[in-house]
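Student: Our numbering puts the first residue of the sequence shown at 545, with every later residue one more than the last.
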Amino acid sequence: MAPTPMVLTAGALTIIMTLVGLWFFGRGVGQIVGIITAGQPESGRWHHPWGRAGRALWQTLSHQTFRGRPLVRAAHWLVMVSFVVLVVTLVTSYLQVWRPDSVLPFFGTWAPWNWLTEFFAWAGLLGIVALMLVRLRTGSSERTSRFFGSTRWQAHFVEWVILLVCLAVLILHGLQARGDTFHFPLTAWLGSGFADLSPSTRASLIVLVSTGKIVVSMAWMIVVGLQVSMGVSWHRFLAPLNLMTSREDDLSKSLGALAPIPTVDGELDEDHLGLGTVDDLTWKDRLDVLSCTECGRCQDVCPAWNTQKPLSPKLLTLAVRDRAAQTHSGDILGALLAAGVSQTDGDQLVPDVLGPDMIWDCTMCGACVEQCPVDIEHVDRIANLRRFQVLMESAFPRELRRPFKGMETKGNPYGLPAKKRLDWAKDLAFDVPVIGEDLEDATEVEYLFWVGCAGAYDDRAKKTTAAVAELLHTAGVSFAVLGSGESCTGDPARRAGNEVLFQLLAEAAIDTLNEAKAQRIVVTCAHCFNTIANEYPEMGGHYEVIHHTQLLNRLVREGALTPTAPPEGQRITYHDPCFLGRHNRVFSAPRELLGSMLPVIEMPRSGENSFCCGAGGARAWMEETRGTRIATNRLQEAADTGATTVATACPFCTQMFDSASASVTGVPAPEVKDVAMLLLEGVHRSQAQDQA
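Below, the structure written as structure tokens:
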């Protein structure tokens, strides 16, 4: 039988749309490959490729990189799988345009295939409707929305394409069902609505719906081919590759240590000290930003953005993406300007958009990295932006001049003399042995106690240092310190972009530790903990590093320390330091230790979702001149739990909260104390009871 005019028209339309769609899609693929391969080389991303590929596939299929929002996670998984399954049904649609009774060759009449197709058509439909409702409920016009600044039309376009394709598959199955509940168990009921149609009308509807399905699918290919920066679509192809080329071989999040600055034969490459222009972007930087889905999870948890500052990790990523792809989005630019980002000029990474606000407001808490479902490395990129500013432009906040000079000349950011490093021990009832003076090396004790700059010089932190020393002494744990031989680990320098200064400090500290034969090191500062444990190994410093809350908790469990509960009425909440918790996954030890005295009241944001104190990324030495202080936001949250005490586990958290106490409103500001101080009080109460 000769094709009808409608069939000929539909066939011609689908052929034309397919050819155009494939051409534009192929053009887009070529552009993306060109954008990525134009980047600077970056090594270490292809080690153990088969293992990486397997883990990336598992992470993609399991959606384990999704944090929170279980409904969104489930809906997105259903849409993802339905996309793969329903692409196969396009073959059937091409056949049905010419012959409405056609089925997929080989297994088109196989019942399980029809069941699978129907299930994921319904699942994809329900999933995309759920995601559309989430976007509608969340909104995108208010700064508080995670979709603020996301390119709205692109998201809506993709959602409607998926919706229409799923509907087309279901309608086609309904037209084919004709009461066959075995092959079409989920759509046969739809077929009852078509029961009275004549065979020719039914055939015409199949041709029309199949054509519409193909046209919609090819329109998607044309649009995404024209919009290579359309991460909401391209991420389905780029995200698995981005996961596979993660910084770590096990594809864990890029937390803990910063990515080292590129070197040539072990020396810094003076042509590429950080990230300053689009030419400095590596191929991984480009893949990273092109993979962004604009979901806004990073923006939703960013402490800077949540306290009305211009930095949004999402908008920063999208600005860099548009620059690399040579595209422009009004939504992104408008959001950046509305956020108050100071504009720049010249040959900057993103001229007229990316100003110093977005570079220096970051606390490097890692919340953005933790939340990103496609493993974008925001913190490393911001660190490289800072490196360029400091090392190439000598442009950095003036507040950093003093700590830089202090670290360079005195070995600490406070600029105080080394002879004062033991002042914290003056009032102790026992002597603290110093390696090189009282002991030859650290092999004579169980632990080397790394005091840290804050622990040696800050008045509040010195009390914590003394408390830890007394607790170790009480528990019969032998330890020693370096005294005036200790210097800054270099964390503030590295996080502030002064990589050269960091390497000088780190090399000196590693030499000192190696000379002291240090093996097991206990530290009270989360930043020292992170640096010695995670950043020194790349420079040859390998040690067993333990945080004081971990050691003290073990001593309590073993019975070496026995605390008594505090007076009735005291209520404790615990703040997770970012560089102890999120960056190093130490969550349970401080809570168990506190729980040995009193149940811990959890704040709404706790554990891996904890909110920053504002001190990280060398922000402890910089003023917050915009919005609400991050520490005020966090301390208010602690106060609102009804807690009378906020337990901390890092001296910088203590400093930041102390300075924010006066800003708490509505309820009394809680007292701020390190976990060690609270434990020491509990041990003293226990000792007093034993003596009574």
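Glycine residues also receive a C-beta, built at the ideal position from the N, C-alpha and C atoms.
Is the distance from the Cβ of CYS710 to the Cβ of GLY910 below 9 Å?
Tutor: Position 166 of the sequence shown, counted from the first residue, corresponds to residue 710. Position 366 of the sequence shown, counted from the first residue, corresponds to residue 910. In this structure, GLY910 does not lie closer than 9 Å to CYS710 by Cβ.
Student: For PHE650, count the other beta carbons within 10 Å of its own beta carbon; 16 or more makes it buried, fewer makes it exposed. Which is it?
Tutor: Taking the first residue of the sequence shown as position 1, residue 650 is located at position 106. PHE650 is exposed by the Cβ-count criterion.
Student: Spatial neighbours of GLN843 within its chain, please: C-beta separation below 6 Å, excluding the five flanking residues on both sides.
Tutor: Within the sequence shown, residue 843 is the residue found at index 299, counting from 1. Hits under 6 Å: ARG690, TRP849, SER856, LYS858.
Student: Classify LEU1222: buried if its beta carbon has 16 or more other beta carbons within 10 angstroms, exposed otherwise.
Tutor: Against the sequence shown, residue 1222 aligns to sequence position 678. Taking all protein chains in view, the Cβ of LEU1222 is crowded by 16 or more other Cβ atoms within 10 Å, so the residue is classified as buried.
Student: By how many angstroms is the C-alpha of VAL753 removed from the C-alpha of VAL641?
Tutor: Here residue 641 is taken as the residue at index 97 of the sequence shown, counted from 1. Here residue 753 is taken as the residue at index 209 of the sequence shown, counted from 1. Looking at the two C-alpha atoms, the distance is approximately 9 Å.
Student: Can you tell me whether THR871 is helix, strand or coil according to DSSP?
Tutor: For this step, residue 871 is matched to residue 327 along the sequence shown. Secondary structure at THR871: coil, using DSSP grouped into helix, strand and coil.
Student: If you check the beta carbons only, do ILE1145 and PRO847 fall under 9 Å apart?
Tutor: Counted from its first residue, the sequence shown places residue 1145 at position 601. Counted from its first residue, the sequence shown places residue 847 at position 303. Against a cut-off of 9 Å, the Cβ pair of PRO847 and ILE1145 comes out as no contact.
Student: Over the uninterrupted beta strand (DSSP E) stretch that includes TYR958, give me the two end residues.
Tutor: Here residue 958 refers to the residue found at position 414 of the sequence shown. Taken as a continuous stretch (DSSP letters only), TYR958 belongs to no beta strand (DSSP E), as it is neither H nor E.
Student: Could you tell me whether the Cβ atoms of ALA869 and GLN575 are closer together than 9 Å?
Tutor: By 1-based counting over the sequence shown, the position of residue 869 is 325. By 1-based counting over the sequence shown, the position of residue 575 is 31. Result yes, Cβ atoms of ALA869 and GLN575 sit closer than 9 Å.
Student: Expressed to the nearest angstrom, what Euclidean distance is found between the alpha-carbon atoms of GLY718 and VAL623?
Tutor: Locating residue 718 in the sequence shown gives position 174, counting from the first residue. Locating residue 623 in the sequence shown gives position 79, counting from the first residue. The alpha-carbon atoms of GLY718 and VAL623 are separated by roughly 21 Å.
Student: Have a look at HIS872, ASP875, GLN933 and flag the residue whose alpha-carbon is nearest the alpha-carbon of MET902.
Tutor: Within the sequence shown, the letter at position 358 stands for residue 902. Closest by alpha carbon: GLN933.
Student: Under 9 Å, do LEU1095 and VAL1021 count as touching if we go by C-beta distance?
Tutor: Counted from its first residue, the sequence shown places residue 1095 at position 551. Counted from its first residue, the sequence shown places residue 1021 at position 477. Closer than 9 Å, so yes.
Student: Please state whether the Cβ-Cβ distance between LEU1224 and LEU1099 is less than 9 Å.
Tutor: Position 680 of the sequence shown holds residue 1224. Position 555 of the sequence shown holds residue 1099. No; because the gap between Cβ atoms is not below 9 Å, this pair is not in contact.
Student: Quick check on GLY890: does DSSP put it in helix, strand or coil?
Tutor: Your numbering for residue 890 matches position 346 in the sequence shown. Residue placement at GLY890 is poorly supported in this model, since its pLDDT is 46, which falls under 50; the coordinates are not used for a value here.
Student: In its own chain, which residues sit with a C-beta less than 8 Å from the C-beta of VAL673, not counting the 5 before and 5 after it?
Tutor: Indexing the sequence shown from 1 puts residue 673 at position 129. Taken in chain order, the residues that qualify are LEU707.
Student: Keeping to the same chain, check which residues put their C-beta closer than 6 Å to that of CYS839; ignore five residues upstream and five downstream.
Tutor: Walking along the sequence shown from the start, residue 839 turns up at place 295. In its chain, beyond the 5 residues on either side, no residue has a beta carbon closer than 6 Å to the beta carbon of CYS839.
Student: Please classify ASN1042 as buried or exposed, where buried requires at least 16 neighbouring CB atoms within 10 angstroms.
Tutor: Taking the sequence shown and counting its residues from 1, the one referred to as residue 1042 is at position 498. Per the 10 Å Cβ criterion, buried.
Student: Give every residue of the same chain whose Cβ lies closer than 8 Å to the Cβ of THR553, excluding the five residues on either side of it in the sequence, and list them in chain order.
Tutor: Position 9 of the sequence shown holds residue 553. Closer than 8 Å at the Cβ level, and outside the excluded window around THR553, lies no residue.
Student: Excluding the five sequence neighbours on either side, which residues of its own chain have a C-beta within less than 7 Å of the C-beta of ARG722, listed in chain order?
Tutor: The count along the sequence shown starts at 1 and reaches residue 722 at position 178. Result list for ARG722: GLY735, in chain order.
Student: Look at the alpha carbon of GLN1199 and the alpha carbon of SER1140, and state the distance between them as a whole number of angstroms.
Tutor: The residue you call residue 1199 lines up with position 655 of the sequence shown. The residue you call residue 1140 lines up with position 596 of the sequence shown. Whole-angstrom Cα-Cα distance: 25 Å.
Student: Note down, in chain order, each residue of its chain lying with its Cβ closer than 8 Å to the Cβ of VAL551, except the 5 sequence neighbours on either side.
Tutor: Position 7 of the sequence shown, counted from the start, is the residue given in the question as residue 551. Closer than 8 Å at Cβ, skipping near neighbours: VAL641, TRP642, VAL751.
Student: Just to check my reading of the structure: ASP919 and LYS797 have Cβ atoms closer than 8 Å, yes? What is that Cβ distance to the nearest angstrom?
Tutor: As a working mapping, residue 919 is identified with position 375 in the sequence shown. As a working mapping, residue 797 is identified with position 253 in the sequence shown. The distance from the Cβ of ASP919 to that of LYS797 is about 7 Å, consistent with a contact at the 8 Å cut-off.
Student: Could you tell me the boundaries of the beta strand (DSSP E) in which ALA1191 lies?
Tutor: Locating residue 1191 in the sequence shown gives position 647, where the first residue counts as 1. Unbroken beta strand (DSSP E) run through ALA1191: 1189–1192.
Student: Give the straight-line distance between the Cα atoms of THR1192 and MET762, rounded to the nearest whole angstrom.
Tutor: One-based indexing of the sequence shown puts residue 1192 at position 648. One-based indexing of the sequence shown puts residue 762 at position 218. The straight-line gap from Cα to Cα measures roughly 56 Å.
Student: Give me whichever residues DSSP pairs with ARG1064 in a beta bridge.
Tutor: Position 520 of the sequence shown, counted from the first residue, corresponds to residue 1064. The partner list for ARG1064 (beta bridge, DSSP) reads GLU1088.
Student: Between GLY693 and VAL678, what straight-line distance do the alpha-carbon atoms span, to the nearest angstrom?
Tutor: Here residue 693 refers to the residue found at position 149 when the sequence shown is read from its first residue. Here residue 678 refers to the residue found at position 134 when the sequence shown is read from its first residue. The alpha-carbon atoms of GLY693 and VAL678 are separated by roughly 16 Å.
Student: Looking at the structure shown, is TRP621 part of a helix, part of a strand, or coil, going by DSSP?
Tutor: On the sequence shown, residue 621 is found 77 positions in, with the first residue counted as 1. Here TRP621 carries a helix assignment [DSSP, helix/strand/coil].
Student: Residues in its own chain within less than 7 Å of ILE766 by CB, not counting five upstream and five downstream?
Tutor: Within the sequence shown, the letter at position 222 stands for residue 766. The answer, listed in chain order, is VAL564, GLY565, PHE568.
Student: Cβ of LEU1137 less than 9 Å from any chain B Cβ?
Tutor: The chain inventory of the structure shown lacks chain B, comprising one protein chain alone.
Student: For VAL772 and TRP778, what's the separation of their Cα atoms in angstroms?
Tutor: Position 228 of the sequence shown, counted from the first residue, corresponds to residue 772. Position 234 of the sequence shown, counted from the first residue, corresponds to residue 778. Cα to Cα, VAL772 sits roughly 7 Å from TRP778.
Student: Any chance you could list the beta strand (DSSP E) runs of at least 3 consecutive residues sitting entirely within the region 968–1049, in chain order?
Tutor: Runs of the beta strand (DSSP E) spanning 3 or more residues and lying entirely within the region 968–1049 occur at 991–994, in chain order.
Student: Are ALA1062 and HIS1091 closer than 9 Å when you measure CB to CB?
Tutor: Taking the first residue of the sequence shown as position 1, residue 1062 is located at position 518. Taking the first residue of the sequence shown as position 1, residue 1091 is located at position 547. The answer is no: Cβ separation not under 9 Å.
Student: Where does TRP994 land, buried or exposed, given buried means 16+ other C-beta within 10 angstroms?
Tutor: On the sequence shown, residue 994 is found 450 positions in, with the first residue counted as 1. Classification for TRP994: buried.
Student: Cβ atoms of THR1075 and ARG1126: under 9 Å apart, would you say?
Tutor: On the sequence shown, position 582 is the one that residue 1126 refers to. On the sequence shown, position 531 is the one that residue 1075 refers to. Going by C-beta atoms, ARG1126 is not nearer than 9 Å to THR1075.
Student: Taking all protein chains shown into account, do 16 or more other C-beta atoms lie within 10 angstroms of the C-beta of GLN603, making it buried, or fewer, making it exposed?
Tutor: Residue numbering aside, residue 603 sits at position 59 when the sequence shown is read from its first letter. Classification of GLN603: buried, given that the 10 Å Cβ count is 16 or more.
Student: With a cut-off of 8 Å, do at least 3 Cβ pairs link the region 1049–1058 to the region 1018–1037?
Tutor: yes
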